[in-house]
Every structure is written in C-alpha cells, then in structure tokens.
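Peer 1: Numbering (the UniProt record's numbering), first residue to last: 1 to 255.
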Amino acid sequence: MLFDTHTHMDAPEFEEDRDAAMARAVEAGVSRLVNIGFNRETIPTTLALAEKYDFVYAAIGWHPVDAIDMQEGDLEWIESLCSHEKVVAIGEIGLDYHWDKSPKDVQHRVLREQIALAKRVKLPIVIHNREAHEDTIRILKEENASEVGGIMHAFSGSWETAKICLDLGFHLSFGGPVTFKNAKQPKEVLEKTPMDRLLIETDAPYLTPHPYRGKRNETAYVRLVAEMAAQLKGISLEEIAEQTMKNANKLFGIS
Numbered sequence: 001m002l003f004d005t006h007t008h009m010d011a012p013e014f015e016e017d018r019d020a021a022m023a024r025a026v027e028a029g030v031s032r033l034v035n036i037g038f039n040r041e042t043i044p045t046t047l048a049l050a051e052k053y054d055f056v057y058a059a060i061g062w063h064p065v066d067a068i069d070m071q072e073g074d075l076e077w078i079e080s081l082c083s084h085e086k087v088v089a090i091g092e093i094g095l096d097y098h099w100d101k102s103p104k105d106v107q108h109r110v111l112r113e114q115i116a117l118a119k120r121v122k123l124p125i126v127i128h129n130r131e132a133h134e135d136t137i138r139i140l141k142e143e144n145a146s147e148v149g150g151i152m153h154a155f156s157g158s159w160e161t162a163k164i165c166l167d168l169g170f171h172l173s174f175g176g177p178v179t180f181k182n183a184k185q186p187k188e189v190l191e192k193t194p195m196d197r198l199l200i201e202t203d204a205p206y207l208t209p210h211p212y213r214g215k216r217n218e219t220a221y222v223r224l225v226a227e228m229a230a231q232l233k234g235i236s237l238e239e240i241a242e243q244t245m246k247n248a249n250k251l252f253g254i255s
C-alpha cells in the first residue's frame, strides 16, 4: 500500500488517459496520493480530482515560480479553501532560483505569507526548493516553520542540508531522481534519512524514474522509488511501503 505524497495528476499531460493512469496507480499498489494545486488554474482542478477519487487528497498553495502572479485576494482564497475536507497541506510553496520569472524578494514575501497561513490553519507545508537551499532554510528558521513542519519535496540537497531540515522537524521526500544511476548524493541522503522521516513521491508528470526516464511520469511509478528506497535501506518493499504510509498519514492527519 503505497502513498505518493506529491503528484500532479490533474496536469494537461493526463487529459487523454487520466482514468486509466489512476487505475494503473491502484494496480501498482498506490492506495493514497496527495495532488498539488499550486496556482489559480491548478487549485480548482486539484480539488476536483480529490472530490472524484476517494484515495486522492489535496495540497494547495502558490508556487514560487508564479509568485509574481499572486494578486490581492489570492491568499484569502487559499485560506478559505483550507476547510475542504480533502485539503491536508499548504503547498507547494518555497523558492526557485532556476527559472527567472519571479524576483527573489517577491518569492520571499509570498513564502513568508504562506508559512503564516499554514500556522493559522494548522496544516503542514510542502516546500519546493530549487537552487535556493540557503535562503529557504533561513526563511524556514526565521518564520518558525517547525511549528507546522512538513515536507522537503524532491529533496536534492546534501546530508548537511538534510540534517538541518530534519532538525527543523521536516520530512524528506524522494522521487524519480534517486533511481538514476549517477544519483550518488540522493542515494546517500536517503540511506541516512531516519525511517520515521522518509517519504516517497513521483512529482508526475515530471522527474520520471529509471527505466522510464525521458517519458511522462505517473503515480504508478512511485513503486519504482519505493523499490530503490528498500534497496538502499536493506529492507523489504513491504516495510518501506508500510513506514512511508504511516509517516504520511501522521503528517497529513489522515486516519
């Protein structure tokens, strides 16, 4: 019973075969997933997906790449949707210094505002951090994000960075890149991550695991991430599935 903690099954890439892809996920052993709504367009489609499928939950927030597009009233809109019974986290939020769309100061402000929102609604946060380790950690510390905790999504940092995130009360989530043959650092970090802080994800349709790298990712492939995690930890796939399911349920408050 696998839990994909970060996916985008509402994406246009699944327009032609979404129901079939969801069926493949169930067949692969996925019994729960969190779909991410990260802007004005994807928050409604994420909630619609969660309402259609019993095993789908939702995280809603404003992506750092789109921070420049956040308008007056958007934060209040997100907060109003947090009472939805399927909303289990605020995200994905964070910093992205790879794509040069939103100025850093705008990203910082939007991240801080959403951490404050998470505290108000008492939900964990899902952190997107791309090429911004230092500033991300600084803001998480300054805003006392450990009060709500959450997930470092698609974790790609060093073990030194991982230790800081763990000390802040965050879980580390690993996806397709940990299966790549040249992924020395992600493999080392996963191996050292405490079992009670480990999560798995796909980020579908992106970050497709080996041997499907270069093709569209989908939630069913979280099984490949789980298999790699089991291999690195030297335990069974069943043990990885059970522990990561337990971790995700506890973090998201799912009974």
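Cβ coordinates follow ideal geometry from the N, Cα and C atoms, glycine included.
At which residue ranges does the region 187-234 contain complete alpha helix (DSSP H) runs of 4 or more residues, listed in the order of the chain?
Peer 2: Here the runs fully enclosed are 222-233.
Peer 1: Could you name the residues of the same chain whose beta carbon sits closer than 7 Å to that of residue 258, not counting the 5 residues immediately before and after it, in chain order?
Peer 2: Nothing in the structure corresponds to residue 258, since the chain is present only between 1 and 255.
Peer 1: If we count the other Cβ atoms within 10 Å of its Cβ and call it buried at 16 or more, is L209 buried or exposed?
Peer 2: Inspection of the sequence shows that residue 209 is occupied by Pro rather than by Leu. By the neighbour-count rule (16 or more Cβ atoms within 10 Å), P209 is buried.
Peer 1: Starting from L95, trace the beta strand (DSSP E) in both directions and tell me its first and last residue.
Peer 2: Here the beta strand (DSSP E) through L95 covers V87 to D96.
Peer 1: Return the residue from the list E142, A59, T193 and M1 that minimises the CA-CA distance to S31.
Peer 2: That would be M1, whose Cα lies nearest to the Cα of S31.
Peer 1: Would you mind working out which of K246, V189 and N182 sits nearest K233, comparing C-alpha positions?
Peer 2: It is V189 whose Cα lies nearest to the Cα of K233.
Peer 1: Please go through the same chain and pick out, in chain order, the residues whose beta-carbon is closer than 6 Å to the beta-carbon of P124, but skip the five residues on each side of it.
Peer 2: The answer, listed in chain order, is A89, V148, G149, G150 and L251.
Peer 1: Tell me which residues share the same chain as D66 and place their Cβ nearer than 6 Å to its Cβ, disregarding the 5 neighbours each side in the sequence.
Peer 2: Once the five neighbours on either side are set aside, the close Cβ partners of D66 are N39.
Peer 1: Roughly how many angstroms lie between the CA atoms of L207 and R223, to the nearest whole one?
Peer 2: Using only the alpha carbons, I get a separation of about 14 Å.
Peer 1: What residue from R213, P211 and M195 has the CA that sits closest to residue 258's CA?
Peer 2: No information on residue 258 is available, as it lies outside the stretch 1 to 255 that the chain covers here.
Peer 1: Can you say whether K246 is buried or exposed, counting buried as having 16 or more other CB atoms within 10 angstroms of its CB?
Peer 2: Looking at its Cβ environment, which holds fewer than 16 other Cβ atoms inside 10 Å, K246 is exposed.
Peer 1: Taking DSSP as the reference, what is the three-state secondary structure of H153?
Peer 2: Note: H153 maps to coil in three-state DSSP.
Peer 1: Is it buried or exposed for V26, if we count other Cβ within 10 angstroms and need 16 for buried?
Peer 2: Exposed.
Peer 1: Where L75 and E113 are concerned, what is the direct C-alpha to C-alpha distance, given to the nearest angstrom?
Peer 2: Spanning the two alpha carbons is a distance of roughly 8 Å.
Peer 1: Taking Cβ positions, are I93 and L111 nearer each other than 9 Å?
Peer 2: Taking 9 Å as the Cβ cut-off, I93 and L111 qualify as a contacting pair.
Peer 1: On the three-state DSSP scale, how would you describe G29?
Peer 2: Of the three classes helix, strand and coil, the one that applies to G29 here is coil, per DSSP.
Peer 1: Might you give, ordered along the chain, the residues of its own chain that have their beta carbon closer than 7 Å to the beta carbon of D17, omitting 5 neighbours on each side?
Peer 2: Answer for D17: no residue qualifies.
Peer 1: I'd like to know whether the C-beta atoms of T46 and D10 end up nearer to each other than 9 Å.
Peer 2: Yes, the pair counts as a contact, with Cβ atoms nearer than the cut-off.
Peer 1: Under 8 Å by Cβ, that's how I've got A204 and E218 pegged, so tell me the actual separation to the nearest angstrom.
Peer 2: That belief holds up - the Cβ atoms of A204 and E218 are roughly 5 Å apart, short of 8 Å.
Peer 1: Using a 10 Å radius around the Cβ and a threshold of 16 neighbouring Cβ atoms, would you call H153 buried or exposed?
Peer 2: So H153 ends up on the buried side.
Peer 1: Q71: buried (16+ other C-beta within 10 angstroms of its C-beta) or exposed?
Peer 2: It counts as exposed.
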